[in-house]
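Peer 1:
Residue numbers (the numbering used here): 79 to 398.
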């Protein structure tokens with residue numbers, strides 16, 4: 079019984095959350111429109127969490143992803159104000175994410191600063207730059223090209239329900255593509271297997287001839303680009319950008335990865351399990367919002383979920 083709880087406890091918890099909201103919100107929760115709405119709401123988190131999984135398979139963290147998401151969003155918006163085209167502004171914003179990720183990679187893998195310390199410092203730096211670029215204000219919709227904002231509000235029609243088109247949001251498609259790419263990289267390539275080897279034992283991986291410094295360096299670069307993409311998705315969805323709009327992503331992304339780890343047999347980060355963790359957090363937030371639970375209470379619950387997921391993961395490893 080104890081072994082089954084350790085292995086399937088996270089899955090049972092997910093099922094319990096869905097059943098709870100389905101019973102208490104029978105008319106709205108399990109509808110197709112609400113499920114698609116949830117998929118759109120969690121798309122930004124899914125991108126960040128998938129990118130975070132890349133560094134967490136090595137036993138590292140990137141605390142700067144939320145600040146980078148904010149920075150990339152305001153960079154794109156500031157360029158829009160100056161008359162840049164959407165492709166050009168998006169490319170520069172993603173380049174900013176790449177540079178930020180490379181900076182983290184240098185600090186962690188080349189200089190040897192602990193990931194917690196290095197990315198905590200760059201979190202502050204990126205956040206400060208976001209305020210500098212935006213002038214400490216929100217860049218509103220009139221300065222954002224309509225095509226940029228319309229991207230998040232549109233998507234291919236997949237069905238018709240009650241005379242209204244049922245749309246698969248573009249943001250959901252982007253998130254699924256990112257998760258697929260990360261899955262291929264981590265699970266189907268030598269590069270991914272080497273990252274897992276580093277997570278198992280960095281020193282043993284180095285002695286085995288793996289380029290540990292280069293691998294960690296590139297993994298942080300990947301995460302920086304993912305965070306920047308998530309920031310652009312947020313800016314597109316709200317048709318505005320402000321220097322704090324990505325701040326909540328870091329905590330929930332780490333929570334999603336840890337939740338996913340409770341669903342894997344070996345207790346290691348796996349991107350598909352991370353996606354399941356993202357879904358749990360999204361379902362929880364959506365259901366509690368419909369039940370009009372205060373946002374501060376939801377924050378407490380996210381924190382409790384992190385503690386629970388870490389505890390379950392620790393119990394699983396101890397059991398092995």
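For every residue, glycine included, the Cβ atom is placed at its ideal position computed from N, Cα and C.
Should residue 354 go down as buried or exposed, given a rule of 16 or more other Cβ atoms within 10 Å for buried?
Peer 2: Answer is buried; the Cβ neighbour count reaches 16.
Peer 1: Please return the same chain residues whose Cβ sits closer than 8 angstroms to the Cβ of residue 172, not counting the five positions on each side in sequence.
Peer 2: Excluding sequence neighbours, residue 172 sits near 150, 303, 306, 307, 310.
Peer 1: For residue 376, write down the residues that DSSP places opposite it in a beta bridge.
Peer 2: The partner list for residue 376 (beta bridge, DSSP) is empty, contrary to what the question assumes.
Peer 1: Helix, strand or coil for residue 244, going by three-state DSSP, please let me know.
Peer 2: Note: residue 244 maps to strand in three-state DSSP.
Peer 1: Rounded to whole angstroms, what's the CA-CA distance from residue 252 to residue 167? Just pull it up for me.
Peer 2: The alpha-carbon atoms of residue 252 and residue 167 are separated by roughly 18 angstroms.
Peer 1: Using the beta-carbon count (16 or more within 10 Å), is residue 200 buried or exposed?
Peer 2: By the neighbour-count rule (16 or more Cβ atoms within 10 Å), residue 200 is buried.
Peer 1: Which residue comes first and which comes last in the beta strand (DSSP E) that contains residue 236?
Peer 2: Segment 235-239, the beta strand (DSSP E) holding residue 236.
Peer 1: Tell me the start and end of each unbroken alpha helix (DSSP H) in the region 103-186 that is at least 4 residues and wholly inside, in chain order.
Peer 2: Correct list: 110-119, 121-134, 143-159, 164-183.
Peer 1: On the DSSP bridge assignment, give the partners of residue 312 in chain order.
Peer 2: Residue 312 pairs with nothing; no bridge assigned.
Peer 1: Nearest by alpha-carbon distance to residue 131: which of 298, 386, 112, 113 is it?
Peer 2: Comparing Cα-Cα distances from residue 131 to each of 298, 386, 112, 113, the minimum goes to 298.
Peer 1: Which residues mark the beginning and the end of the alpha helix (DSSP H) in which residue 334 is found?
Peer 2: 327-339 is the extent of the alpha helix (DSSP H) around residue 334.
Peer 1: By alpha-carbon positions, which one of 106, 335, 278 ends up nearest to residue 359?
Peer 2: Per the Cα distances, 335.
Peer 1: From the DSSP output, read off the bridge partner residues of residue 402.
Peer 2: Coverage of the chain is limited to positions 79 through 398, which leaves residue 402 absent and any answer about it impossible.
Peer 1: Determine the DSSP secondary structure at residue 346, reduced to helix, strand or coil.
Peer 2: Coil at residue 346, not helix or strand.
Peer 1: Assign residue 236 to one of two classes, buried (16 or more other C-beta atoms within 10 Å of its C-beta) or exposed (fewer than that).
Peer 2: Residue 236 is exposed by the Cβ-count criterion.
Peer 1: Return helix, strand or coil for residue 368, following the three-state DSSP convention.
Peer 2: Residue 368 falls in the helix class under three-state DSSP.
Peer 1: With a CB to CB cut of under 8 angstroms and the five nearest residues on each side skipped, what residues in its chain are close to residue 211?
Peer 2: Here the set comprises 149, 152, 153, 156, 321.
Peer 1: Contact defined as beta carbons within less than 8 angstroms: I believe residue 147 pairs with residue 126. What is the distance between those atoms, to the nearest angstrom?
Peer 2: Yes, they are in contact, since the Cβ atoms of residue 147 and residue 126 sit about 7 angstroms apart, within 8 angstroms.
Peer 1: Between the Cα of residue 378 and those of 330, 337, 135, spot the shortest distance and give me the residue it belongs to.
Peer 2: Comparing Cα positions, the closest option is 330.
Peer 1: Within the same chain, show all residues whose beta-carbon is closer than 7 angstroms to that of residue 164, passing over the 5 residues directly before and after it, in chain order.
Peer 2: The residues are 223, 225, 226.
Peer 1: Whose CA, out of 315, 267, 347, lies closest to the CA of residue 219?
Peer 2: When each option's Cα is compared against that of residue 219, the closest is 315.
Peer 1: Should residue 214 be labelled buried (16 or more other beta-carbon atoms within 10 Å of its own) or exposed?
Peer 2: With fewer than 16 other Cβ atoms within 10 Å, it is exposed.
Peer 1: Please state if the CB of residue 325 and the CB of residue 399 are separated by a distance shorter than 9 angstroms.
Peer 2: Shown here, the chain extends from 79 to 398; a query on residue 399 therefore has no answer.
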